[in-house]
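In case it helps, the UniProt record's numbering puts the sequence shown at residues 1 to 370.
A virtual CB, placed ideally from N, CA and C, is assigned to each residue, including glycine.
Only one structure is covered here, and it is reproduced in the block below.
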Amino acid sequence: MKFLQILRPACETLWRPNRCVSCLLGLVIYLGSVASFNISPMTTGLRSAFSATRSSSSILGGTQRAVTFDHLLVNTGEDFNPETGTFRCRLPGAYYFSFTVGKFPKKMLSVMLVKNGMEVQAIAYDEYQNQGRKVQSQSVMVSLKPMDTVYLLLQDNPQYAIYSNAGPYITFSGYLVYPDSTSSVGYLNNHLSPPGPNLPGCPPPVDAYYEWIKRTTSEEPRSAFSVARTTSALGESRMRREREALTFDVEYVNIGGHFNITSGRFTCHFPGAYYFAFTVGKHPHRAVSVKLMMGRGEIRAMVFNEDMSRRREMQSQSLLLSLKRGDSVWLYSQQDDGYAIFSNHGRYTTFSGFLVYPDGESRNIDRTFP
Numbered sequence: 001m002k003f004l005q006i007l008r009p010a011c012e013t014l015w016r017p018n019r020c021v022s023c024l025l026g027l028v029i030y031l032g033s034v035a036s037f038n039i040s041p042m043t044t045g046l047r048s049a050f051s052a053t054r055s056s057s058s059i060l061g062g063t064q065r066a067v068t069f070d071h072l073l074v075n076t077g078e079d080f081n082p083e084t085g086t087f088r089c090r091l092p093g094a095y096y097f098s099f100t101v102g103k104f105p106k107k108m109l110s111v112m113l114v115k116n117g118m119e120v121q122a123i124a125y126d127e128y129q130n131q132g133r134k135v136q137s138q139s140v141m142v143s144l145k146p147m148d149t150v151y152l153l154l155q156d157n158p159q160y161a162i163y164s165n166a167g168p169y170i171t172f173s174g175y176l177v178y179p180d181s182t183s184s185v186g187y188l189n190n191h192l193s194p195p196g197p198n199l200p201g202c203p204p205p206v207d208a209y210y211e212w213i214k215r216t217t218s219e220e221p222r223s224a225f226s227v228a229r230t231t232s233a234l235g236e237s238r239m240r241r242e243r244e245a246l247t248f249d250v251e252y253v254n255i256g257g258h259f260n261i262t263s264g265r266f267t268c269h270f271p272g273a274y275y276f277a278f279t280v281g282k283h284p285h286r287a288v289s290v291k292l293m294m295g296r297g298e299i300r301a302m303v304f305n306e307d308m309s310r311r312r313e314m315q316s317q318s319l320l321l322s323l324k325r326g327d328s329v330w331l332y333s334q335q336d337d338g339y340a341i342f343s344n345h346g347r348y349t350t351f352s353g354f355l356v357y358p359d360g361e362s363r364n365i366d367r368t369f370p
């Protein structure tokens, strides 16, 4: 009786008094089911992030396809299973994934980021079968629905392998950048059974944190894009030196519509700090020189590989930029005939960016120190 007296004020606050009896019963059942797992439904909220490494052993293609992990650094929301290497989406929204894999000596490297077991989102690749060890990285932002899965897939062939040791060489991370505030789904839980049944005439328990996030995220500035190419871009000898932006033909995410996939340019609508990352594939018998440009041609970062051999490999780069409204950011691939980037349906070449911190008074900072 004392327990019911304690809960009665909460019931009267949330729902009309004439429904208290049935609602209290439902609330007790609901709280009991949650308490039995010793996990509060408010614990995870609208947060999902993981970071895992593999240091135990290398993997040979043909013996194991999905890359698994033995060390979990972060698992907010418990949406990542290191034993299967699978991330299962609980909260709909835009997720940023990045991974780095080590190349095994005298083996080729081909690891794909796969969505729902069949959709290749991006690839890390190196076909050079020399004795040396090295790493390749890749990143992309993907829009996910509840129960979508994402994992890393090793090429199913003994000519391919990934290498790691106590270093570790192999890492995999992902996190929710923008939850889908338009979704009617509050949140799913990968580990708890659904809450107790709603009794007739009794509203379901309200997740106050979710409702607050849903309300505030719809009001905050949002800007994010992630794109890829499925074709190569070859430089050509030309007299004119006009710099043309690298264009793309696959759009994963374009929140706000601020990236023009036809022109290859991102235009800032909300001033603030933005994170940009890009990966490009090296074309056989060509060098690679790709620059992250701002405005009319200010170079902010670049990747470069002057190796003219036949092998294909990749280069990655990332940084934060402070942007004001109207600023543009784009990639420029050297247009001389000795340069090129490689890509195909494996999506070697990717470009992503998103607003990290909005700032109504953000100013461009470009300082050189001795």
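Could you check what DSSP says for residue i in three-state terms: helix, strand or coil?
{"i": "ASP156", "result": "coil"}
{"i": "THR44", "result": "Residue placement at THR44 is poorly supported in this model, since its pLDDT is 49, which falls under 50; the coordinates still yield a value, given next. Residue state, collapsed to three classes: coil."}
{"i": "ASP126", "result": "strand"}
{"i": "GLY281", "result": "strand"}
{"i": "GLN121", "result": "strand"}
{"i": "LYS106", "result": "coil"}
{"i": "THR350", "result": "strand"}
{"i": "SER51", "result": "strand"}
{"i": "ASN344", "result": "coil"}
{"i": "GLN64", "result": "coil"}
{"i": "MET308", "result": "coil"}
{"i": "SER289", "result": "strand"}
{"i": "GLU298", "result": "strand"}
{"i": "SER226", "result": "strand"}
{"i": "ALA245", "result": "coil"}
{"i": "GLU313", "result": "coil"}
{"i": "ILE261", "result": "coil"}
{"i": "TYR209", "result": "The predicted model places TYR209 with a pLDDT of 45, which falls under 50 and marks its position as unreliable; any figure quoted below should be read in that light. Helix."}
{"i": "LEU323", "result": "strand"}
{"i": "GLN136", "result": "strand"}
{"i": "GLY338", "result": "coil"}
Pull up the distance between the alpha-carbon of residue i and that of residue j, whole angstroms please.
{"i": "VAL356", "j": "ALA49", "result": "15 Å"}
{"i": "ALA122", "j": "VAL135", "result": "16 Å"}
{"i": "PRO358", "j": "ASP327", "result": "14 Å"}
{"i": "ALA94", "j": "ALA224", "result": "9 Å"}
{"i": "THR230", "j": "VAL114", "result": "16 Å"}
{"i": "GLY297", "j": "LEU60", "result": "44 Å"}
{"i": "SER139", "j": "GLY256", "result": "20 Å"}
{"i": "ASP156", "j": "THR63", "result": "8 Å"}
{"i": "PHE69", "j": "ARG243", "result": "43 Å"}
{"i": "MET112", "j": "PRO271", "result": "34 Å"}
{"i": "SER57", "j": "GLY102", "result": "11 Å"}
{"i": "MET294", "j": "SER333", "result": "14 Å"}
{"i": "LEU234", "j": "SER343", "result": "11 Å"}
{"i": "ASP307", "j": "PRO82", "result": "37 Å"}
{"i": "ASP180", "j": "ASN165", "result": "38 Å"}
{"i": "PHE304", "j": "HIS71", "result": "33 Å"}
{"i": "VAL329", "j": "ARG286", "result": "25 Å"}
{"i": "VAL67", "j": "SER137", "result": "15 Å"}
{"i": "THR247", "j": "SER232", "result": "11 Å"}
{"i": "PHE104", "j": "LEU46", "result": "38 Å"}
{"i": "HIS258", "j": "GLN129", "result": "41 Å"}
{"i": "THR76", "j": "ARG312", "result": "36 Å"}
{"i": "PHE172", "j": "LYS106", "result": "24 Å"}
{"i": "VAL120", "j": "SER226", "result": "14 Å"}
{"i": "HIS345", "j": "ARG325", "result": "34 Å"}
How about residue i and residue j: are their beta carbons less than 8 Å apart?
{"i": "THR100", "j": "ILE162", "result": "no"}
{"i": "MET141", "j": "PHE351", "result": "no"}
{"i": "SER55", "j": "GLY167", "result": "yes"}
{"i": "VAL74", "j": "SER51", "result": "yes"}
{"i": "VAL177", "j": "TYR96", "result": "yes"}
{"i": "GLU220", "j": "GLN335", "result": "no"}
{"i": "MET314", "j": "LYS282", "result": "yes"}
Got a sec: is the Cβ-Cβ distance from residue i to anything in chain C below 8 Å?
{"i": "GLY353", "result": "The chain inventory of the structure shown lacks chain C, comprising one protein chain alone."}
Since residue i contacts residue j with CB under 8 Å, what's their CB separation in whole angstroms?
{"i": "VAL253", "j": "ARG347", "result": "Not really, about 14 Å apart at Cβ, beyond 8 Å."}
{"i": "ARG300", "j": "PRO284", "result": "Between PRO284 and ARG300 the Cβ distance is about 28 Å, and since that is not below 8 Å, they are no contact."}
{"i": "ALA228", "j": "THR349", "result": "6 Å"}
{"i": "LEU331", "j": "CYS268", "result": "So it is not a contact: roughly 16 Å between Cβ atoms."}
{"i": "GLN159", "j": "MET118", "result": "So it is not a contact: roughly 23 Å between Cβ atoms."}
Item to complete: Evaluate the contact criterion for the stretch 80-93 versus the stretch 146-162: three or more CB pairs, one atom per stretch, below 8 Å.
Response: Because the criterion of three Cβ pairs below 8 Å is met, the stretch 80-93 and the stretch 146-162 touch.
Worksheet item: Hey, is the stretch 132-147 in contact with the stretch 86-106, meaning 3+ C-beta pairs nearer than 8 Å?
Response: Output reads yes: the stretch 86-106 touches the stretch 132-147.
Item to complete: Report yes or no: do three or more beta-carbon pairs, one from the stretch 318-337 and one from the stretch 265-284, lie closer than 8 Å?
Response: Yes, the stretch 318-337 touches the stretch 265-284.
Item to complete: Please determine if the stretch 332-352 and the stretch 283-291 are in contact, where contact requires at least 3 C-beta pairs separated by less than 8 Å.
Response: These segments touch.
Fill in: Stretch-stretch touch, CB-based, cutoff 8 Å, three pairs: the stretch 112-126 with the stretch 260-271
Taking 8 Å as the limit for Cβ pairs, the verdict is that the stretch 260-271 does not touch the stretch 112-126.
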